[in-house]
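**Student:**
There are 6 protein chains.
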Amino acid sequence: MKKVVCFGEIMGRLCPVGYKKIIQANSFEITYAGGEANVAVSLANYGVDSSYVSKIPDNDLGKSVLRTLKSCDVNVDNVVIGGERLGMYYVEKGASQRPSKVIYDRKYSAISEADTSDFDWDSILVDTEWFHFTGITPALSDKCIDITREALKKCKEKGITVSCDLNYRKNLWTNAKAKEVMTELMAYVDVCIGNEEDAEMVLGISADSTDVTAGQINREGYIAVAKQIEEEYGCKTVAITLRESYSASINGWSAMLYKDGESYFSKKYDIQIVDRVGGGDSFVGGLLYTLVSGFEPTKAIEFAVAASCLKHTIEGDFNQVTVSDVEKLMNGDGSGRVQR
Amino acid sequence: MKKVVCFGEIMGRLCPVGYKKIIQANSFEITYAGGEANVAVSLANYGVDSSYVSKIPDNDLGKSVLRTLKSCDVNVDNVVIGGERLGMYYVEKGASQRPSKVIYDRKYSAISEADTSDFDWDSILVDTEWFHFTGITPALSDKCIDITREALKKCKEKGITVSCDLNYRKNLWTNAKAKEVMTELMAYVDVCIGNEEDAEMVLGISADSTDVTAGQINREGYIAVAKQIEEEYGCKTVAITLRESYSASINGWSAMLYKDGESYFSKKYDIQIVDRVGGGDSFVGGLLYTLVSGFEPTKAIEFAVAASCLKHTIEGDFNQVTVSDVEKLMNGDGSGRVQR
Amino acid sequence: MKKVVCFGEIMGRLCPVGYKKIIQANSFEITYAGGEANVAVSLANYGVDSSYVSKIPDNDLGKSVLRTLKSCDVNVDNVVIGGERLGMYYVEKGASQRPSKVIYDRKYSAISEADTSDFDWDSILVDTEWFHFTGITPALSDKCIDITREALKKCKEKGITVSCDLNYRKNLWTNAKAKEVMTELMAYVDVCIGNEEDAEMVLGISADSTDVTAGQINREGYIAVAKQIEEEYGCKTVAITLRESYSASINGWSAMLYKDGESYFSKKYDIQIVDRVGGGDSFVGGLLYTLVSGFEPTKAIEFAVAASCLKHTIEGDFNQVTVSDVEKLMNGDGSGRVQR
Amino acid sequence: MKKVVCFGEIMGRLCPVGYKKIIQANSFEITYAGGEANVAVSLANYGVDSSYVSKIPDNDLGKSVLRTLKSCDVNVDNVVIGGERLGMYYVEKGASQRPSKVIYDRKYSAISEADTSDFDWDSILVDTEWFHFTGITPALSDKCIDITREALKKCKEKGITVSCDLNYRKNLWTNAKAKEVMTELMAYVDVCIGNEEDAEMVLGISADSTDVTAGQINREGYIAVAKQIEEEYGCKTVAITLRESYSASINGWSAMLYKDGESYFSKKYDIQIVDRVGGGDSFVGGLLYTLVSGFEPTKAIEFAVAASCLKHTIEGDFNQVTVSDVEKLMNGDGSGRVQR
Amino acid sequence: MKKVVCFGEIMGRLCPVGYKKIIQANSFEITYAGGEANVAVSLANYGVDSSYVSKIPDNDLGKSVLRTLKSCDVNVDNVVIGGERLGMYYVEKGASQRPSKVIYDRKYSAISEADTSDFDWDSILVDTEWFHFTGITPALSDKCIDITREALKKCKEKGITVSCDLNYRKNLWTNAKAKEVMTELMAYVDVCIGNEEDAEMVLGISADSTDVTAGQINREGYIAVAKQIEEEYGCKTVAITLRESYSASINGWSAMLYKDGESYFSKKYDIQIVDRVGGGDSFVGGLLYTLVSGFEPTKAIEFAVAASCLKHTIEGDFNQVTVSDVEKLMNGDGSGRVQR
Amino acid sequence: MKKVVCFGEIMGRLCPVGYKKIIQANSFEITYAGGEANVAVSLANYGVDSSYVSKIPDNDLGKSVLRTLKSCDVNVDNVVIGGERLGMYYVEKGASQRPSKVIYDRKYSAISEADTSDFDWDSILVDTEWFHFTGITPALSDKCIDITREALKKCKEKGITVSCDLNYRKNLWTNAKAKEVMTELMAYVDVCIGNEEDAEMVLGISADSTDVTAGQINREGYIAVAKQIEEEYGCKTVAITLRESYSASINGWSAMLYKDGESYFSKKYDIQIVDRVGGGDSFVGGLLYTLVSGFEPTKAIEFAVAASCLKHTIEGDFNQVTVSDVEKLMNGDGSGRVQR
């Protein structure tokens, strides 16, 4: 089986126990996660040969990153060791009307200060079928833009499929900078994924008259967005997640897959949330699995949405479910009856 | 007051904190529980003279079982000490669309390898008014079938009322074996209790056109099931719990009592679940209390359902509530207002 | 800025982890809280110059009280050190149909045995604009009635606005005693706050035909109650919180502000509760902030209700939110979307 | 087997995790313990028919006391339910040069406010062989002196052996009051137990030239103390524990038994302390077991000291060891090798 | 680099927090460990290509075993998935005079019921340089003896060096059975490792006049034991660990290496123990690393002892140290000064 | 009373529970600490008017810093809010031969990137009697050197006494840079404090023939060092802490005070360590208290050493003791007997 390579930043995630706020916390649970690593773990859980590429510092936090990824069956042979610090983020779990809150402390991280010379893409991409990155990575630094561009060029040369989760992060860069950079990089992207806001914030393409905070969804609008992305950037496949935030505790969750001119809307799940961070990444993980495996579009989008529905019920960023867990839900059993 | 004797297996229950999955767990909370022990504890909580009979090993886990039961006022004078191991089970709490999961590690437990010579039923059943067992016990081993049969015969001789919770466990025995064994043992049973599936799986009696996972309930079907159980096995009293699994987080919960040819349906509670395991046993505990105490059928079924509604809000298998807690809910106060 | 003084009892709050019952608890989380201290903390969080007055013992629990209040920016220069013990209370968190439960162990606390000579109100009230107390304080002891009366008289002399949260506690005094005492003290009160029951229990004024446990609210009735309080006690401002207890897990929450003859009803929030204790105090904290700051009545009541809606999602009695957190919700964003 | 009755106060014990100080604590572990209850539990652990008598309030803390004692096989049929509050104490574990610290919050506890009418000693003492109390109980209140005196008189009438652990508590009463009261009660005592300070503080009898804080022990002095106790109060049996406090982490521990004119010194253990509170009570528990069982004096004192040596290595006040655990140590195996 | 293969049983290890006894425990920390797995992890930590071979069940506990080993860089490609249950053991940490206690619940584990057909040693042993097993494995079952014998025969054929840690477990088999079986298997062993008791219990070879519980060590005796092992079984290399158990908290720790007729005694460490279980395995891990790497005997034994000294200060069975950690201690820095 | 101002960096301190290593940790306890903040807290505990000056970011971690310091009575009016991140450090507690380990993640912290324009020393130093800094602060950045120099110049102008703890941090700067910078800043220092290594590493002044890791102390050597510091830099007061690291668990601890040409050696404590980090700062806190209070040199050094002895027994960097706690130890009671 050919491998899938995910490239990006992995961080320490510090999270107060239960619903404690950061200013109330006496201790933090630590896990290690990040947009692209979350996807790599999902893929490994589904049996895909999954590799992760990044740069992490040579200390016990960096070691813990490696231990975590290896325990999840993600290949880390191409993680570069070096740099000064591991990025960290603090997650404060919201409830009801109180939003979850993420504080990033990722500046000056090893990957954000990495150099193009750190990564030998010819060697990394040997036997690779698919390359995945997100809009977060080029937002980290100008050097990260260069590294990403280099990787994408090599992918093009080698005929490797490229997917990108737009993932706009307003505290990493401006609208304008995001647009400028991502517009260029999109030229290499085959599969484009985003949520309701990303297309607008990153590519300037918007679905009319959808008030996200009010939880309404405009199907036609999303189809139009996907078509436009295809037209402007040549992505034959576009996927958009559709989150209806009733509150921090309960969300509606569905998605649309646009492929070869056709659009497919998944069923919608109303989810009682355990941990929402990483939800989008688990959608990408599920989707890439189906695309690598050649699922039909209707099954593909249902798998991806069911997978990420389950992630919302799991602590931590990683989606710790198997193909059979997802298929059970996807095939209609969301009753939550005890499995003995 | 005459005593109620419950006979079966009690195990260690290991449960990750919060919503962590077993593969994520760094620690497990331990309690000790089991279908019949859960009933014995409910009865003791309601003031019934409650005795538990089983076999547990002579080590610190066995000691912990005794400490737990004694702390709950359950008489353990007839628990036999010996055998090799205490059965264990692992409970992974589900949420929303993710089901709870129970992993059993109960094979070769002391009780499953016990011998008929371990139990002197003449002495155990002195001053006993009621004997309770479940379909789990004979499923443990052929010796357990023999021990159960012996106990039931003694009950018949002594005029002790016998109740049985069918409790089908598909990983302990097959459909066919269950049917063969339970059909024989049912001859001794006065009060038969089950959930929507048990009658079908154990006795081959089914309510037509009820799709449990879809959460529909067919009243007429359940009445027919009860009548048939009465006709075939002579049980004058049959109780069926009716769970509507909207998700792992929210369930509808009600029940039917069939007594002397009449059927009584309880009110239905929509429950935000804290811990669902042991829910059925808490229904049996409530029901046996009302039957031993001579409640009217309508009050009996309402008490049993209200009691088990409360159990779903309590951590662990045991239903840690009092008669007055149950009566408050049964009499209509489910508002959850703070009690100061 | 002139300061607000809150006077009352602060206690240790011992709370089992998660949904464990007290009889199941192996450990208790400890925080320090109390009706008036909760208000003082809210005010400090909103930037008000907030002072707390009480009496606490000279031991490590008393020290912990001071540390807690100081960490929240509440001035404790007028907390008297002495007396025998710190009051304690145990909070058992309810869920679904199981109510939360509070066990008080506050008898013989330092403040309940304090003497009028402990407090030099002339000095305490220097530069004070507002004085707040609740119906709990005079319920503690006859001496506490005297101390409160003395404070209120001084307030009148100095033209300090007085607010009172009626807060009836049936285990501290009888209906009759409450009525007798509070009727007298109400003469000094400018702003009267209560929930649906307080006016009836403490002042004997009731809203007809509102069945609180059934969750119905009778707007006209509450307006009538407020008017009557104004007529009988001269309070130009009356606020009533309107809780609809669907269950221990989900409540409806809104409030009415009656000011200068006009009544203003807030929007209603349906809340998935994290911790309900202290919810009423957080309303008072929000309301006093708006009154001290001269908000319009419609904004005042919306701020107070939004503030206390958020408190229900926060562990512990204290409302750990900022003005901007409240305004975001008040201005319509209750979607709980992640803040990055 | 005849039973042993222990009478006194049992409290909630709140203890920060690890070596946290109370002012640093965010949570407390709760257990339930007290001087005489600790002895009752030791006796039950050794297989003695052990009964505990006290008064505790009718709330969830009182219920937890009963659950705890029952789990340890202590008979609680004569625990009176009533009164206002359960006494509590806070234990801060010391280390090295930092002493452990105990804060009591026991005033107004149910037992301290109990009345002689609460206890029907004729019924309580049926089939009783031995009665144990400590100097703490009469120190609680004048009513407790009366209750104790009544119990002791009944014991004399019935020929029940009486033991008393002097246990001077300077924050409960003065030197003078202790002397006055205990001098009277000692008339009923057959077995007197104390540590190095008690005899001096309570009875005014001192061992010359032993500087306890310097850790020196003067054998002759202790023999003289025991003889004098025998002479003045007629106790044929006197036991004195000899603690050498090198630090809060390491203590030397031994004891002397004086019986029928002969004195027996035990071997000394140097202990790395896990939890020192309850150490003295575990000595009494061990000693009473040997006296009830008719051990030779040399074996008796070695058993009592070995038992309490082990208690210092166990969390909580209760000594959770068996006769065989103690005998193994007493017979020389203190090597701590892993038992598999 | 050629790989080292370790073969044996890995179990779940459940351990109460801190110094709680099992009967006091409300929760257990879980890790996964076992004699040969502990060695495999040590080797991987030192950079050796380390493989582990065993059989584990197909459930979440089995998955957790794999995650753990993979996170430690141990190759698990030859772990067979199947069988009924994962063995478990409970570790109660001792202190001072109270011994640590291990309760095994390993009967009927997947590996103990494995068959010779489960393991294809020709394929497993490809590119293998060293094979390690312990006396525990053949003690599990007769089938395990067969499997072990088969593996050893293949090793001989392929010229693979074989090491064996005698590790006598008295609750798994008798003296006599151990002797019979191990005497046969020793024919294949090149490097024999044991503690003070193993040689006597397993091989019937004893060092005269060493009283282990008294902590004396007889150098000449140990040399004689090693010589005799060489003579009888042809092991050119013999290592014996020398533990002096002053108490459960403090141990003396050293070892002897006998190689090619010469004996080398290491320096002795007095250790304040954090977690002693796995200490012997960490010695083996250190020793095999040095033998595989071709260290001089004096450096080899010092490395192995320093490595295992450090393990005693680390929670869990696994020795989480690096070569440089060990070398620092081995080169004399045991001062424990803070590393910044 | 005039105030003492401490200036430096305060960080978040993340520490695994118990003796877990960082790579084993699933959660970290968080406190907030730093060399100069630790001193400020000690001073506040002793009743000194203590102010802390630093720069911290405007996020929830920064808020937590303020809450912590305010809870400890440290004035934070001159803490500047701004900059990008709060420095963090990870503390892994060592034991026996395994050293504790500190991983710093402090680069780019708000204070390290602060500008001279952030601090208006004229205003900050109003009513200040004493100014304290450490060698860590100028090591953070060149801007920090400038800020420190400016502060020191103002101190000189205003006649404020200046103390400096040399505190060499080899991972922040080189030997050479430290020497160059500190040599200049020492011109402003009145009281110089250091441990055995600092004088050599920072000032190039060494005590001959003292092998610190071997735990020997050369009194004459230290006197010579102090004299030389006085001669070269004009510090009339020099204090040197003398740590004898027997292991990570047990240290000898004493100190020397050199004042006006005389040297005073304290008694030595052998300490069983709970938490060693912050030990040196607690010495400085104790010493500054005595110097500000005008203690005799012999009492001053004994107080400082006793204070810091106690700190080693307390979790976290802060020394949570009172003057009376220290005096009790200083006056000879290190027996650790329980305080009731």
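Chains as they are written, first to last, in the working numbering: chain A, 1 to 340; chain B, 341 to 680; chain C, 681 to 1020; chain D, 1021 to 1360; chain E, 1361 to 1700; chain F, 1701 to 2040.
Don't be surprised by glycine CBs; every beta carbon is placed ideally from N, CA and C.
Step through the CB atoms of chain D and report whether any lies within less than 8 Å of the CB of residue 413 (chain B).
**Tutor:** Judged by the 8 Å Cβ criterion, residue 413 (chain B) is in contact with chain D.
**Student:** Kindly list the residues whose CB is nearer than 7 Å to the CB of residue 1445 (chain E), restricted to its own chain and excluding five residues on each side of it in sequence; keep chain order.
**Tutor:** Cβ neighbours of residue 1445 (chain E) beyond the five flanking positions: 1417, 1468, 1469 and 1470.
**Student:** How is residue 555 (chain B) classed by DSSP in three states: helix, strand or coil?
**Tutor:** With a pLDDT of only 48 at residue 555 (chain B), under the threshold of 50, the placement of this residue in the model should not be trusted; the figure read from the coordinates follows. The answer is coil: DSSP assigns residue 555 (chain B) none of H, G, I, E or B.
**Student:** Taking the alpha carbon of residue 349 (chain B) as the point to measure from, which residue in B:677, B:474, B:575 and B:642 has its own alpha carbon closest?
**Tutor:** For residue 349 (chain B), the nearest C-alpha among the options comes from B:474.
**Student:** For a cutoff of 8 Å on Cβ pairs, would you count residue 1952 (chain F) as touching chain E?
**Tutor:** So, not an interface residue.
**Student:** Along chain F, in chain order, which residues have C-beta atoms closer than 8 Å to that of residue 1267 (chain D)?
**Tutor:** 1972, 2034, 2035 and 2036
**Student:** On a CA-only basis, which of B:656, B:657, B:676 and B:655 is nearest residue 665 (chain B)? Give me that one, please.
**Tutor:** B:676
**Student:** Please report the Cβ distance between residue 2019 (chain F) and residue 2007 (chain F), rounded to the nearest whole angstrom; I am assuming they are in contact, meaning their Cβ atoms lie under 8 Å.
**Tutor:** Right, the Cβ-Cβ distance comes to about 6 Å (below 8 Å), so this counts as a contact.
**Student:** Anything in the stretch 2000 to 2031 of chain F with a Cβ closer than 8 Å to a Cβ of chain A? List those residues in chain order, please.
**Tutor:** none
**Student:** Who pairs with residue 1819 (chain F) in a beta bridge, going by DSSP?
**Tutor:** DSSP, once it has assigned bridges, lists no residue as partnering residue 1819 (chain F).
**Student:** Counting only beta-carbon atoms, is residue 1464 (chain E) nearer than 8 Å to chain F?
**Tutor:** no
**Student:** From residue 70 (chain A) to residue 1349 (chain D), what distance separates their C-alpha atoms?
**Tutor:** Rounded to whole angstroms, residue 70 (chain A) to residue 1349 (chain D) spans 46 Å at the Cα level.
**Student:** So, are the CB atoms of residue 2014 (chain F) and residue 1041 (chain D) less than 8 Å apart?
**Tutor:** yes
**Student:** Using C-beta distances below 6 Å, list every residue in its chain close to residue 1003 (chain C), excluding the 5 sequence neighbours before and after it, in chain order.
**Tutor:** 726
**Student:** Run down chain D in chain order and give the residues with a C-beta less than 7 Å from the C-beta of residue 792 (chain C).
**Tutor:** The contact set of residue 792 (chain C) on chain D, defined by CB atoms closer than 7 Å, is empty, because the minimum CB distance reaches about 11 Å.
**Student:** What residues from chain E crowd round residue 563 (chain B), counting only those whose CB sits closer than 8 Å?
**Tutor:** Neighbours of residue 563 (chain B) on chain E: none; closest Cβ ~40 Å, over 8 Å.
**Student:** Would you mind listing the beta strand (DSSP E) stretches within the stretch 1414 to 1466 of chain E that are 3+ residues and don't spill past its ends, in chain order?
**Tutor:** 1448 to 1452 and 1461 to 1465
**Student:** Any beta carbon from chain E within less than 8 Å of residue 1715 (chain F)'s own beta carbon?
**Tutor:** Closer than 8 Å to the CB of residue 1715 (chain F) there is not a single CB belonging to chain E.
**Student:** Quick check: what's the CA-CA separation for residue 1775 (chain F) versus residue 1939 (chain F)?
**Tutor:** 26 Å
**Student:** On the DSSP bridge assignment, give the partners of residue 684 (chain C) in chain order.
**Tutor:** C:730 and C:810
**Student:** Is it right to say residue 309 (chain A) is buried, meaning 16 or more other beta carbons lie within 10 angstroms of its own, or is it exposed?
**Tutor:** buried
**Student:** Can you tell me which of D:1119, D:1139 and D:1080 puts its alpha carbon nearest to the alpha carbon of residue 1072 (chain D)?
**Tutor:** Of D:1119, D:1139 and D:1080, the smallest CA-CA separation from residue 1072 (chain D) is found for D:1139.
**Student:** List, from N- to C-terminal side, the alpha helix (DSSP H) runs of 4 residues or more that fit wholly inside the stretch 1224 to 1294 of chain D.
**Tutor:** Entirely contained in the stretch 1224 to 1294 of chain D, the alpha helix (DSSP H) runs reaching 4 residues are, in chain order, 1239 to 1253.
**Student:** Assign residue 1194 (chain D) to one of two classes, buried (16 or more other C-beta atoms within 10 Å of its C-beta) or exposed (fewer than that).
**Tutor:** exposed
**Student:** Sorted by chain position, which residues of the same chain lie with C-beta nearer than 6 Å to residue 783 (chain C)'s C-beta, five sequence neighbours on each side aside?
**Tutor:** If we look at residue 783 (chain C) and ignore the five residues flanking it on each side, its Cβ neighbours are 770.
**Student:** May I ask you to report which of helix, strand or coil DSSP gives residue 2023 (chain F)?
**Tutor:** helix
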